[in-house]
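Last residue of the sequence shown: 560 in the working numbering, with the numbers rising by one and none dropped. Every residue gets a Cβ at the ideal spot worked out from N, C-alpha and C, and that includes glycine. To keep things clear, I will list the structure first and then write my remarks on it.
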Amino acid sequence: MTRTAFSRRDRLLRTLVAVAAVGWGLAAVWAVDTSSVPEPRARTLLYLVVGWSSVAAGLAMRPDTDGRRVRWLLVAVGFLWFLGVHQRSCTELQAVLGWVADRFGQSYLAVFAHLVVSYPSGRLRSRRTKALVTGAYLNAVVASMAIAELPHLVPGVGRGDLVRVVWLQYLVGIVTAAGIMALLVGRWRAASPAARRVLAPVLWSGCVAVACFAVLAAEGIADRTPYRHASWWLTAGYALVPLSFIAGLLRSRLARAGVARLVIDLDAGPSPVAVRDALARVLRDPDLQVGYRVPDQEAYLDVLGSPLPVPDDDQHRMVTPVLRQGRPIAVLVHDRSVARDPDLVEAVRSAAGLALQNEQLQAELRARVAELAASRARILEAVDAERHRIERDLHDGAQQRLVSVTMLLVLLEARCPVDGAAGGLLAEARETLAAATAELRQLSQGIHPSVLTERGLGAAVEELAWVAPVPVELDHQLSGRLPPAVEAAAYFVTAEALTNVAKHSHARSARVSVRQEYGRLRVVVADDGVGGADITRSSGLRGIADRVEALRGTLSVGSPLGGGTTVVAELPCES
-14 MTRTAFSRRD RLLRTLVAVA AVGWGLAAVW AVDTSSVPEP RARTLLYLVV
36 GWSSVAAGLA MRPDTDGRRV RWLLVAVGFL WFLGVHQRSC TELQAVLGWV
86 ADRFGQSYLA VFAHLVVSYP SGRLRSRRTK ALVTGAYLNA VVASMAIAEL
136 PHLVPGVGRG DLVRVVWLQY LVGIVTAAGI MALLVGRWRA ASPAARRVLA
186 PVLWSGCVAV ACFAVLAAEG IADRTPYRHA SWWLTAGYAL VPLSFIAGLL
236 RSRLARAGVA RLVIDLDAGP SPVAVRDALA RVLRDPDLQV GYRVPDQEAY
286 LDVLGSPLPV PDDDQHRMVT PVLRQGRPIA VLVHDRSVAR DPDLVEAVRS
336 AAGLALQNEQ LQAELRARVA ELAASRARIL EAVDAERHRI ERDLHDGAQQ
386 RLVSVTMLLV LLEARCPVDG AAGGLLAEAR ETLAAATAEL RQLSQGIHPS
436 VLTERGLGAA VEELAWVAPV PVELDHQLSG RLPPAVEAAA YFVTAEALTN
486 VAKHSHARSA RVSVRQEYGR LRVVVADDGV GGADITRSSG LRGIADRVEA
536 LRGTLSVGSP LGGGTTVVAE LPCES
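This is the structure in structure tokens:
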């Protein structure tokens, strides 16, 4: 069946049901007004409010949603309510309907319990709910039929016997009402914030109505009155439930009107977090998650660019895809209660499509940037590891051989004393080897200082300050060893800055500060030289800037002419 034909059939059905409800309600009120024991006009009007609002709330609900069972339960409550009103009249019409009213006049109570317990899906999902609803139907229908048939089936049954049966019916009703209230309160406590907004009107109005019934039943037992007219407050309590349904429908209409505001908010080009917050506000789900699809992959990224595992639909959460030109661009992971208003979800999905597509591109860019940063960090770690290996090979290989040759020359000179030109050549060879060893040691320290590996950043910086050609004021506060990549970056920043002090700044002194606080390492190297340093024209500064940025840190250089140079590096590190 096409959607148009379905809508046409539904409109016809709603019209017929509405006309029948109006006629049935007016007939019930007329029967009460013309009975031998008429009731106040205000109360009969309240009867109409309860019945008609129940039918109206049911007919106003969408027929193609999961709540279609709730729809017909509401309609049934309205029609059966008016049957109960007929039971209170004493007219010729009552004589015609007497047999049905006596046996089914209280059945609206069972359907009412079924409605409240099964909301919002209309399904009875647990054994407990099925037991409560079954008890309500047995008590409202079977017990009423027994009361009506006992005088005919069992001769000699008196009024006192019937009163005791009614008391038993009241008692079972009280127990059932207590079970329903406990179930509703437990459901409220277990519900998510979004689900509570859906449950709240019906759940609490249902609790009030059930409590009113329990109090009335208790009064019936205490006062020994087997049949009582519905009191004002009980009828008003019943009226709260359908009216709360209508209020919920109106609130849904207002929420859909909020989509216009959403379009304005998204048109301003907000941040991904702001987009998520705007969608959560309209859908009334503070736990909403937005996942942006990675092109050519079945993967999604959250608003921060991190991988978002998309859960399977369950009884609490569900996933709604967002399409753009027929292609999935994002998903909304939201509370299942949100899907009870498919028009709102569809409106939000359509309004957010363009913004989410833009944010999908932004999320992809952020993911690529994050991957690039991670790749740079991996390359840097590999380079540092290779530098450390070369330094170790030089120290353990060529440097040790040069030292060994020097020692051999010393032994040769001691065992075979020579004079003249030969002795001068031996001394010159020994000095040349010592100079080569010193140069090789300096080269290996430049590649990767062994003191940094063996003793840490503090000792390495102290050595740099000690060998600097100008006086250096050193201040370092470190709580322990840092990640090797961070220590290496901080060391090379300090080394490069002090090298520039010696080569270019013409400074008289320098100051080095290395501090670790709030999960970051801050390195400051300042001098009192001529200034004028430019990071864009210095390959050394540019190189250490790349190293720092690869670790997601920052490097800044302040060097006004005549005002000295200050190099500041900040690196994330473990506290």
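Problem - Reference L100, options G43, R149 and L68, closest by Cα - result: Position 115 of the sequence shown holds residue 100. When only C-alpha atoms are compared, the closest one is G43.
Handout entry: 6 Å CB neighbourhood of T0 in its chain, flanking five on each side removed
Key = Translated into the one-based positions of the sequence shown, residue 0 becomes position 15. Result list for T0: empty, nothing under 6 Å.
Handout entry: At least 3 beta-carbon pairs within less than 8 Å: the region 547 to 555 vs the region 509 to 520
Key = yes
Handout entry: For P306, the three-state DSSP class (helix, strand or coil)
Key = Indexing the sequence shown from 1 puts residue 306 at position 321. Looking at P306 - three-state DSSP - the assignment turns out to be strand.
Practice task
Below 8 Å on the Cβ atoms is my guess for V2 versus V60; work out the distance and round it to an integer in Å.
Solution key: What you label residue 2 is simply residue 17 of the sequence shown in a count that begins at 1. What you label residue 60 is simply residue 75 of the sequence shown in a count that begins at 1. The Cβ separation is near 6 Å, so the contact holds.
Problem - Whether D272 touches D320 by CB criterion (8 Å) - result: As a working note, residue 272 is residue 287 in the sequence shown. As a working note, residue 320 is residue 335 in the sequence shown. Against a cut-off of 8 Å, the Cβ pair of D320 and D272 comes out as a contact.
Problem - Where T550 sits in the DSSP three-state scheme - result: As a first step, residue 550 is located in the sequence shown; it is residue number 565 there, counting from the start. The answer is coil: DSSP assigns T550 none of H, G, I, E or B.
Problem - Extent of the continuous beta strand (DSSP E) run through Y277 - result: For this step, residue 277 is matched to residue 292 along the sequence shown. Start and end: Q274 to R278.
Handout entry: Sub-8 Å separation of V515 and V457 beta-carbons
Key = Residue 515 sits at position 530 when you count from the first residue of the sequence shown. Residue 457 sits at position 472 when you count from the first residue of the sequence shown. No.
Practice task
Sort E481, L268, A480 and K115 by Cα distance to D305 and report the nearest one.
Solution key: The count along the sequence shown starts at 1 and reaches residue 305 at position 320. According to the sequence displayed, residue 305 carries Thr and not Asp. Minimum Cα distance to T305 is reached at L268.
Handout entry: Cα-Cα separation, Q154 to A98
Key = The residue labelled residue 154 in the question sits at position 169 within the sequence shown. The residue labelled residue 98 in the question sits at position 113 within the sequence shown. Q154 and A98: Cα-Cα distance of roughly 15 Å.
Exercise for the section: Taking H99 as part of the alpha helix (DSSP H), name the residues at either end of that continuous run. Expected result: Residue 99 sits at position 114 when you count from the first residue of the sequence shown. S92 to S103 is the span of the alpha helix (DSSP H), which, as asked, contains H99.
Handout entry: C-beta atoms of L556 and V471 nearer than 8 Å
Key = The residue given as residue 556 occupies position 571 in the sequence shown. The residue given as residue 471 occupies position 486 in the sequence shown. Yes.
Practice task
Check the DSSP bridge columns for A315 and list the partner residues they point to.
Solution key: Residue 315 sits at position 330 when you count from the first residue of the sequence shown. For A315, which the question treats as bridged, DSSP gives the partners Y277 and V307.
Handout entry: Neighbourhood of P545 by C-beta distance below 7 Å, restricted to the same chain and skipping five residues each side
Key = Here the question's residue 545 lines up with position 560 in the sequence shown. Closer than 7 Å at the Cβ level, and outside the excluded window around P545, lie G516.
Handout entry: Burial state of E481, where buried means 16 or more other Cβ atoms lie within 10 Å
Key = Residue 481 sits at position 496 when you count from the first residue of the sequence shown. With 16 or more Cβ atoms within 10 Å of its Cβ, E481 is classed as buried.
Practice task
Along the beta strand (DSSP E) that carries D460, what are the first and last residues, could you check?
Solution key: For the purposes of this step, residue 460 is taken as residue 475 along the sequence shown, with counting starting at 1. Here the beta strand (DSSP E) through D460 covers V457 to Q462.
Exercise for the section: Give a yes or no on whether the C-beta atoms belonging to L31 and T220 are separated by under 8 Å. Expected result: The count along the sequence shown starts at 1 and reaches residue 31 at position 46. The count along the sequence shown starts at 1 and reaches residue 220 at position 235. Yes, the Cβ-Cβ distance between L31 and T220 is below 8 Å.
Problem - Option in L(-2), Y476, A196 and S229 with minimal Cα separation from L506 - result: Mapped onto the sequence shown, residue 506 falls at position 521. Considering only alpha carbons, the answer is Y476.
Problem - Bridge partner(s) assigned by DSSP for Y122 - result: Translated into positions along the sequence shown, residue 122 becomes position 137. According to DSSP, which records beta bridges pairwise, Y122 is partnered with nothing at all.
Handout entry: DSSP-derived helix/strand/coil call for D320
Key = The count along the sequence shown starts at 1 and reaches residue 320 at position 335. Residue state, collapsed to three classes: strand.
Exercise for the section: Just grab the DSSP bridge partners of A202 for me. Expected result: Taking the sequence shown and counting its residues from 1, the one referred to as residue 202 is at position 217. According to DSSP, A202 bridges with nothing at all.
Problem - Start and end residues, alpha helix (DSSP H) containing D531 - result: For this step, residue 531 is matched to residue 546 along the sequence shown. Looking at the DSSP string, the run of the alpha helix (DSSP H) that includes D531 is S524 to A535.
Problem - Paired residues, beta bridge with D512 - DSSP - result: Working through the sequence shown from its first residue, we reach residue 512 at position 527. Paired residues: A495.
Practice task
Could you tell me which residues DSSP pairs with S541 in its beta bridges?
Solution key: In the sequence shown, residue 541 corresponds to position 556, counting from 1. BP columns for S541 point to V553.
Problem - CA nearest to the CA of R181, picked from S38, S322 and R334 - result: As a working mapping, residue 181 is identified with position 196 in the sequence shown. The option with the nearest alpha carbon to R181 is S322.
Problem - Coarse secondary structure for Q72, derived from DSSP in three states - result: Start at 1 with the first residue of the sequence shown, and residue 72 comes out as number 87. Reduced to three states, the DSSP call for Q72 is helix.
Exercise for the section: Give the DSSP-derived three-state secondary structure of E24 in the structure shown. Expected result: What you label residue 24 is simply residue 39 of the sequence shown in a count that begins at 1. DSSP places E24 in coil when its eight states are reduced to three.
Handout entry: Residues bridged to P292 [DSSP beta-bridge criterion]
Key = Start at 1 with the first residue of the sequence shown, and residue 292 comes out as number 307. Looking at the DSSP assignment, P292 forms a beta bridge with L286.
Problem - Straight-line Cα distance separating P294 from E439 - result: One-based indexing of the sequence shown puts residue 439 at position 454. One-based indexing of the sequence shown puts residue 294 at position 309. Cα-Cα distance, rounded: 42 Å.
Practice task
Please list, in chain order, all residues of the same chain as P227 whose beta carbon is under 6 Å from its beta carbon, the five residues on each side excluded.
Solution key: Reading the sequence shown from its first residue, position 242 is the one you call residue 227. Contacts found: S38, S39 and A42.
Handout entry: With 16 other Cβ atoms within 10 Å as the buried cut-off, status of W451
Key = The sequence position of residue 451 within the sequence shown is 466, counting from 1. With fewer than 16 other Cβ atoms within 10 Å, it is exposed.
Exercise for the section: State the CB to CB distance for the pair V455 and V499, rounded to an integer number of angstroms; the pair is presumed to be in contact (CB under 8 Å). Expected result: For the purposes of this step, residue 455 is identified with residue 470 of the sequence shown, where counting begins at 1. For the purposes of this step, residue 499 is identified with residue 514 of the sequence shown, where counting begins at 1. With a Cβ gap of about 18 Å, V455 and V499 do not count as contacting.
Problem - Residue burial classification, Y93 (beta-carbon count within 10 angstroms, cutoff 16) - result: Here residue 93 is taken as the residue at index 108 of the sequence shown, counted from 1. Y93 comes out buried.
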